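In my numbering, the protein residues as written are 21 to 221. Idealized CB from N, CA, C, for every residue including glycine. Just so you know, these numbers come straight off a predicted model, no measurement behind them. Reviewing the structure listed below.
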Amino acid sequence: NNNRLQKFSDDGEFLAVIGGVGAEPGRFREPSGVAIDDKGNIYVADFLNHRVQKIGPDGIAATELKDNEGGDFAPRDVVVGSDQSLYVADDAKMRIVKFDRAGAIIASFGSKGTGDGQVEQLTSVAVDDKGDRVFVADPRQGRIVVFDRKGTFIANWPVAEWQGVPNAWYLQDIVIDSERKRIYATSTQTDEVLAFDMIGT
21 NNNRLQKFSD
31 DGEFLAVIGG
41 VGAEPGRFRE
51 PSGVAIDDKG
61 NIYVADFLNH
71 RVQKIGPDGI
81 AATELKDNEG
91 GDFAPRDVVV
101 GSDQSLYVAD
111 DAKMRIVKFD
121 RAGAIIASFG
131 SKGTGDGQVE
141 QLTSVAVDDK
151 GDRVFVADPR
161 QGRIVVFDRK
171 GTFIANWPVA
181 EWQGVPNAWY
191 LQDIVIDSER
201 KRIYATSTQT
211 DEVLAFDMIG
221 T
């Protein structure tokens, strides 16, 4: 609601505020995802401004990434791969948009629907570079959709805690720990964090 990022030290000491409400560079309207690359640049999914903003390590806005294919663009989440490409969850077209580190779109995959490789509500994305997998939260359909990094559909993983519950889709998040080979998913309606192995168990 404050439309800002807050920066803390490793031990929790408050350091700085970045942003505030607005459409100008460095300001946000419903920031809903954040990631950091190997240079310390910060990428923010600036949902209602229809862009991903790149913020330098000094906290100053550097550039913005937008959809060059036309139409709506509503980035809900962003994650940086080990090759420093960006995977953006586009809640408008129900797809993943992949940018290179220069900000050019190099791939997009997924679409709106109920079939394989489709989503009804896209809230989060996680990438396992070691396993060549991209995981997409589709809580409205009660599942995680799995692709490879080129966008080929691999599997649907049912998430029982997301199924059959009104508003189960709301702000569910997934993250990955490639070293431990675990995927973690929020379950807001049961007040839990769910842990999966890399085959969906």
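The beta strand (DSSP E) enclosing residue 41, as first and last residue numbers: Counting from one through the sequence shown, the residue named residue 41 turns up at place 21. Careful: residue 41 lies outside any beta strand (DSSP E) and carries neither H nor E.
Cβ contact (3+ pairs, closer than 8 Å) linking the stretch 78-88 and the stretch 145-160: no
Residues of its chain near residue 77, where Cβ-Cβ distance is below 8 Å and the 5 sequence neighbours each way are ignored: Translated into positions along the sequence shown, residue 77 becomes position 57. So the qualifying residues of the chain are 59, 60, 61 and 62.
7 Å Cβ cutoff met for residue 142 and residue 112: For the purposes of this step, residue 142 is taken as residue 122 along the sequence shown, with counting starting at 1. For the purposes of this step, residue 112 is taken as residue 92 along the sequence shown, with counting starting at 1. Against a cut-off of 7 Å, the Cβ pair of residue 112 and residue 142 comes out as no contact.
Closest residue to residue 44 among 27, 28 and 72 (Cα-Cα distance): Your numbering for residue 44 matches position 24 in the sequence shown. Cα-wise, what sits closest to residue 44 is 72.
In DSSP terms, what residue 177 is bridged to: Position 157 of the sequence shown, counted from the start, is the residue given in the question as residue 177. Per DSSP, 164.
Test item: CB-CB of residue 107 and residue 145 under 7 Å: As a first step, residue 107 is located in the sequence shown; it is residue number 87 there, counting from the start. As a first step, residue 145 is located in the sequence shown; it is residue number 125 there, counting from the start. Contact flag set, yes.
Cβ contact (3+ pairs, closer than 8 Å) linking the stretch 152-172 and the stretch 128-136: yes
Same chain only: Cβ atoms within 6 Å of residue 64, ignoring 5 sequence neighbours per side: Locating residue 64 in the sequence shown gives position 44, where the first residue counts as 1. Taken in chain order, the residues that qualify are 51, 54 and 73.
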